Each structure stands twice: as C-alpha cells, then as structure tokens.
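In my numbering, the protein residues as written are 118 to 221.
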C-alpha cells in the first residue's frame, strides 16, 4: 500500500468561521475534480515522449555487465527512475539507484 500525504499551507486551513486569515472569510471558487481519463492520457503522452528519448540512450550507455547482472524488472525500475531526470517539468539534480533484489 502507498499513502499520499497532502500538505495544506497554514493560511488555507480554516477552523470554523475564523481561520489563519483571522475574521475574514476565504472566498473559494467552485472547483471540480479533474477528469481522470484526461489526466491519464496526458501523462501517458508525456511519458511516451520522454521514454522514446531515454530508452535508446539507456540501452546505448549502460555496459553489457549491467544487463547481465540486473534482470528486466530491475532495469524497468531503473529506467522509470532515470526518466525523471530527463523530464523537463521536474528539476531533479541527482538520483541514487539501489537494488534490493539483487539481479531480479
């Protein structure tokens, strides 16, 4: 199971009519939940574009011993992690890869 923690800034937390904003009421526009299928489609599209660049680079850069030592599942996990470095929307400067399953 994975848990997701949502952090709400203190100024947005309200307790009754008064909140972090004092006696003023926070005007909130009605916001609907996003369409999950549209989000999935958008993420799949950007992931495919990113992976079409990363996978050939990965296959070319990694030494033969890497492919001999690590199984396909571990390679896929590493590729997912490495692809985040190539994502222009993210600003990751470092990435550490570890394998807890040996050659699995």
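Glycine included, C-beta positions come from ideal geometry on N, C-alpha and C. Quick caveat, the model's predicted, so the values are computed rather than measured.
Within 10 angstroms of the beta-carbon of residue 172 lie fewer than 16 other beta-carbons, which makes it exposed.
Residue 184 counts as exposed, since fewer than 16 other beta carbons sit within 10 angstroms of its beta carbon. Going by C-alpha positions, residue 158 is about 12 Å away from residue 151. Contact between residue 196 and residue 175 holds, since their C-beta atoms are separated by about 6 Å, short of 8 Å. Residue 162 sits in a helix when the DSSP states are folded into three classes. The beta-carbon separation of residue 200 and residue 167, rounded to 5 Å, stays under the 8 Å limit for a contact.
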